[in-house]
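Student: Per this note's numbering, numbering through the sequence shown is continuous, rising by one, with the last residue being 1375. Where a beta carbon is used, it is the ideal one built from N, C-alpha and C, also for glycine. Attaching a single structure in structure tokens format; questions to follow.
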Amino acid sequence: MAFLVRKRSAGDSWLCSKWRPAEKMSLTVADAMDYKGFPADKSRTGGWVPAALSLGIEICERLSTMGIAVNLVTYLGGTMHLPSATSANVVTDFMGTSFLLCLLGGFLADSYLGRYRTIAIVAIIQTLGTCMLAVSTRLPELRPPPCQSTEVAQCKQANNFQMGILYLSLYLIALGTGGLKSSVSGFGTDQFDEKDEKEKAQMAYFFNRFFFVISIGTLLAVTVLVYIQDEVGRSWGYGICSASMFVAILIFLSGTKRYRYKKCVGSPVVHICQVFAAAIGKKNVKVPSDIALLYEDLPEALRSHHTDQFCFLDKASVVIEDDYGDDGSFTVNPWKLCPVTRVEEVKKMIRLLPIWATTIIFWTTYAQMITFSVEQATTMERTIGHFQIPAGSLTVFFVGAILITLAVYDRLVMPLWKKWKGKPGFTNLQRIAIGLFLSAVGMAAAAVAEVKRLSVAKQSSETTTLPITVFLLIPQFFLVGSGEAFIYTGQLDFFITQSPKGMKTMSTGLFLTTLALGFFLSSLLVSIVKTVTGSSGKQGWVGENINEGRLDCFYGLLAALSFINFALFLVCAAWYRKKTVKRDPELEIIAKESTIEEKC
């Protein structure tokens, strides 16, 4: 809540002072501080300009991460001479680790460093990583000798030292990406006071434009940056990433005196562990039939209603003799006794898990768009007149699909749906379902396109470019890209609005882990398929050369898994809607008032 502070001159007495008119009083924000640790003055801190300074960091993070990821597979195969499947796994492991480290970044920001320090530190780490990557692609000693053979197996692969430097660079960048993604959006929304209607509207505008900024950074990465990497030099491309991030850091630091800062409140991971520890410690205790006997320490207006689901966890709220001291005094050890509200918060997080699990496969299909699909493009005709499209830039159709889908949904679908159904667009679960279905169809389209490409490859002589247009790949990019527009916004909305108020950051991290596990699942599937379908002296579905493999079968497998997963999601969504307990109207109001602030 905001409160008013009166300024007074030296010698002025509080006993005889008079309050100044409201328009001359300094307005501060109760839950925010300035850089000196005093309550943040609204007239001097926060607002749209400080929030916008953090967006520069986010644009440069997207520019670096996606500029590297979408074109890395061509560098690994063409310069480091790694087999096709190995190159794809290196990229998916890199992206998976980037998103998995969001949990670490969020934990450090919430518990120890705060968002401002976390952003500053990890941005510097990412800058060091891109600098090292630029140097490693520049020095001949850090890559194997050039090879003119079209068969990777006949070329000398990068040695352990060269790969070690490359991995060190990539995972420094991954650490930076994880820390930034977990903190930038939250720090931006910290600059607005949710209880002020004007700033609340500004905060909504900031959050709505955040995904647009991410898309702009990705668009620059897959067009301008990829072109520079291919036509000018990779060291120049990665050097631009380093320089832009360095400038973004300086811009970010320049706003230090104008930012609003929030105190570290601790990580919800600890709270979840406490509930499970308390419940396991009392596994032999019987839960009383009267729920009023369970421990609760929050006022009535802030409590969560008890539910019968996952009743084992209710044991964490049962008061026993061990909760009293030797002198008979009641002492609360959070690792042995938890209030009902905290237990119910953990239950709510558990209810999210089936939806969480059934969205992972989407990001596995997404991974193919920046790995095998880019490798497909390198073998196909990519010229328009005298201009050759870089293979990594084919993902521009992917980003374009996202922007077009968001625009059509916002300007056409939402008004029509509101007029027809009386609701402002699809629900979050409906958007997720649409995204999963489109990705499954996209993989089926990819399998069909690969059948055509392989038929041309078998009829062609030894050549690096097949006589087939690269635009054959547009349907798979467009379908999966449109799917991301629905599923990303649907997931983010679902995990934010359906999670407990005190665990919004945790739920956002849970959402980002679906991206991480999707990339890791891609690596696992590629390894399994390579092992199962390959044999001594014969390449399997995926391997060293995609022209000699059966990538169409691999895409078909992913399409089948995606359709099966889609059916499972529908079952889980129906279960979730049936099991979700309707909240008390007063608690519903509290939750709605906190939604925008907690979208970080």
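(1) What does the Cβ neighbour count give for Glu833, buried or exposed, with the cut at 16 atoms within 10 Å?
(2) Along the chain, which unbroken stretches of the alpha helix (DSSP H) at least 4 residues long are found entirely within the region 1299-1331?
(3) Alpha carbons only, please: which of Ile1321, Tyr1034, Arg1352, Pro1242 is nearest the one belonging to Leu857?
(4) In whole angstroms, what separates the C-alpha of Thr840 from that of Phe1137?
(5) Check whether chain D comes within 8 Å of Ile1177, counting only Cβ atoms and requiring the distance to be less than that.
(6) Of the residues Leu908, Leu1077, Asp1065, which one's Cα is nearest the Cα of Ala1018?
(7) Beta-carbon within less than 7 Å of Cys1347's beta-carbon, same chain only, minus the 5 sequence neighbours each way: which residues are those?
(8) Taking all protein chains shown into account, do 16 or more other C-beta atoms lie within 10 angstroms of the C-beta of Pro1242, making it buried, or fewer, making it exposed?
(9) Curious, which full-length alpha helix (DSSP H) runs of at least 4 residues does the region 1202-1273 contain?
(10) Quick check on DSSP: helix, strand or coil for Val1121?
(11) Which residues in the same chain have their Cβ closer than 7 Å to the Cβ of Ile1066, if we skip the five residues on either side of it in sequence?
(12) Could you check the C-alpha separation between Phe1105 and Ile1047 for me, to the nearest Å?
(13) Please work out which residues of its chain come closer than 7 Å, Cβ to Cβ, to Ala1054, disregarding the five sequence neighbours upstream and downstream, and give them in chain order.
(14) Is it a yes or a no for the region 1193-1209 touching the region 1256-1267, going by three-plus beta-carbon pairs under 8 Å?
(15) Please name the residue, chosen from Ser1214, Thr1288, Pro1165, Glu1156, that lies closest to Phe1252 on a Cα-to-Cα basis.
(16) For Glu1006, name the three-state secondary structure that DSSP assigns.
(17) What residue range is occupied by the uninterrupted beta strand (DSSP E) comprising Thr803?
(18) Can you grab the Cα-Cα spacing for the pair Arg819 / Arg1033, in whole Å?
(19) With DSSP as the reference, label Gln923 as helix, strand or coil.
(20) Assuming contact is defined by CB atoms lying nearer than 8 Å, are Ala949 and Phe869 in contact in what I supplied?
(21) Report the option in Phe1286, Phe1329, Val1255 whose CA atom is closest to the CA atom of Phe1269.
(22) Along the chain, where does the beta strand (DSSP E) containing Asp816 start, and where does it finish?
(23) Looking at the strands, I want to know which residues DSSP matches up with Ile1159.
(24) Helix or strand or just coil, what does DSSP make of Tyr1351?
(25) Considering only residues of the same chain and omitting the five flanking positions on each side of Glu798, which have a CB-CB separation below 7 Å?
(26) If you drop the 5 nearest sequence neighbours on each side, which residues of the same chain put their C-beta closer than 7 Å to that of Leu838?
(27) Contact defined as beta carbons within less than 8 Å: I believe Ala815 pairs with Gly963. What is the distance between those atoms, to the nearest angstrom?
(28) Could you work out which residue in Val1115, Asn1059, Val1107 is closest to Arg1078 when comparing CA atoms only?
(29) Per DSSP, what kind of secondary structure is Tyr1184 in: helix, strand or coil?
(30) Since Phe1173 and Lys1122 are thought to touch, with beta carbons under 8 Å apart, how far apart are those beta carbons, to the nearest angstrom?
(31) Compute the Euclidean distance between the alpha carbons of Ala1227 and Ile1249, then round it to the nearest angstrom.
(32) Tell me whether the beta-carbon of Lys975 lies closer than 8 Å to the beta-carbon of Phe967.
(33) Check the DSSP bridge columns for Phe1105 and list the partner residues they point to.
(34) Measuring straight from C-alpha to C-alpha, what distance separates Met800 and Arg1035?
(35) If you draw a straight line from the C-alpha of Asn846 to the C-alpha of Val1149, how long is it?
(36) Determine the contact status of Ala807 and Lys1037, defining contact as a CB-CB distance below 8 Å.
Tutor: On the basis of the data shown:
(1) Position 58 of the sequence shown, counted from the first residue, corresponds to residue 833. Under this definition Glu833 is a buried residue.
(2) none
(3) Taking the first residue of the sequence shown as position 1, residue 857 is located at position 82. Cα-wise, what sits closest to Leu857 is Ile1321.
(4) Numbered from 1 along the sequence shown, position 65 holds the residue referred to as residue 840. Numbered from 1 along the sequence shown, position 362 holds the residue referred to as residue 1137. If I take the Cα positions, the gap works out to 20 Å.
(5) In the displayed structure, chain D is absent; only one protein chain is listed.
(6) Within the sequence shown, residue 1018 is the residue found at index 243, counting from 1. Taking only the C-alpha atoms, the option nearest Ala1018 is Leu908.
(7) As a working mapping, residue 1347 is identified with position 572 in the sequence shown. Within the same chain, Cys1347 has close Cβ partners Pro1129, Ile1130, Thr1133.
(8) One-based indexing of the sequence shown puts residue 1242 at position 467. Classification for Pro1242: exposed.
(9) 1203-1234, 1249-1272
(10) Looking up residue 1121 in the sequence shown gives position 346. Helix, per DSSP.
(11) Position 291 of the sequence shown, counted from the start, is the residue given in the question as residue 1066. Around Ile1066: His1081.
(12) As a position in the sequence shown, residue 1105 is number 330, starting the count at 1. As a position in the sequence shown, residue 1047 is number 272, starting the count at 1. Rounded to whole angstroms, Phe1105 to Ile1047 spans 23 Å at the Cα level.
(13) By one-based count along the sequence shown, residue 1054 stands at place 279. Contacts found: Phe1087, Leu1088, Lys1090, Ala1091.
(14) yes
(15) Against the sequence shown, residue 1252 aligns to sequence position 477. Residue Ser1214 is the option with its Cα nearest to Phe1252.
(16) Working through the sequence shown from its first residue, we reach residue 1006 at position 231. Correct three-state label for Glu1006: helix.
(17) Looking up residue 803 in the sequence shown gives position 28. Taken as a continuous stretch (DSSP letters only), the beta strand (DSSP E) holding Thr803 covers 801-808.
(18) As a working mapping, residue 819 is identified with position 44 in the sequence shown. As a working mapping, residue 1033 is identified with position 258 in the sequence shown. Distance between the alpha carbons of Arg819 and Arg1033 is about 6 Å.
(19) Numbered from 1 along the sequence shown, position 148 holds the residue referred to as residue 923. Correct three-state label for Gln923: coil.
(20) Indexing the sequence shown from 1 puts residue 949 at position 174. Indexing the sequence shown from 1 puts residue 869 at position 94. Yes.
(21) Looking up residue 1269 in the sequence shown gives position 494. Ranking Phe1286, Phe1329, Val1255 by Cα distance to Phe1269 puts Phe1286 first.
(22) Along the sequence shown, one-based indexing puts residue 816 at 41. That run of the beta strand (DSSP E) goes 814-816.
(23) Within the sequence shown, the letter at position 384 stands for residue 1159. According to DSSP, which records beta bridges pairwise, Ile1159 is partnered with Phe1162.
(24) Within the sequence shown, residue 1351 is the residue found at index 576, counting from 1. Note: Tyr1351 maps to helix in three-state DSSP.
(25) On the sequence shown, position 23 is the one that residue 798 refers to. Note that Glu798 scores 39 on pLDDT, short of 50, meaning its location in the model is unreliable and no value can be drawn from it.
(26) Within the sequence shown, numbered from 1, the residue matching residue 838 stands at position 63. Only Gly992, Leu995, Ala996, Leu1000, Cys1016, Ser1019 meet the Cβ criterion.
(27) The residue given as residue 815 occupies position 40 in the sequence shown. The residue given as residue 963 occupies position 188 in the sequence shown. About 15 Å separates the two Cβ atoms, so there is no contact after all.
(28) Looking up residue 1078 in the sequence shown gives position 303. When each option's Cα is compared against that of Arg1078, the closest is Val1115.
(29) Translated into positions along the sequence shown, residue 1184 becomes position 409. Residue state, collapsed to three classes: helix.
(30) Working through the sequence shown from its first residue, we reach residue 1173 at position 398. Working through the sequence shown from its first residue, we reach residue 1122 at position 347. Phe1173 to Lys1122, Cβ: 38 Å. No contact.
(31) Here residue 1227 refers to the residue found at position 452 when the sequence shown is read from its first residue. Here residue 1249 refers to the residue found at position 474 when the sequence shown is read from its first residue. Sequence check: residue 1227 is Lys here, not Ala. Each residue's alpha carbon lies about 14 Å from the other.
(32) For the purposes of this step, residue 975 is taken as residue 200 along the sequence shown, with counting starting at 1. For the purposes of this step, residue 967 is taken as residue 192 along the sequence shown, with counting starting at 1. Result yes, Cβ atoms of Lys975 and Phe967 sit closer than 8 Å.
(33) Against the sequence shown, residue 1105 aligns to sequence position 330. Answer is Tyr1099.
(34) For the purposes of this step, residue 800 is identified with residue 25 of the sequence shown, where counting begins at 1. For the purposes of this step, residue 1035 is identified with residue 260 of the sequence shown, where counting begins at 1. Residue confidence is low: Met800 scores 40 on pLDDT, short of 50, so the model does not pin down where it sits. Its coordinate-derived value is still stated next. Going from the Cα of Met800 to the Cα of Arg1035 covers about 19 Å.
(35) In the sequence shown, the residue the question calls residue 846 occupies position 71. In the sequence shown, the residue the question calls residue 1149 occupies position 374. Using only the alpha carbons, I get a separation of about 8 Å.
(36) For the purposes of this step, residue 807 is identified with residue 32 of the sequence shown, where counting begins at 1. For the purposes of this step, residue 1037 is identified with residue 262 of the sequence shown, where counting begins at 1. Yes, the pair counts as a contact, with Cβ atoms nearer than the cut-off.
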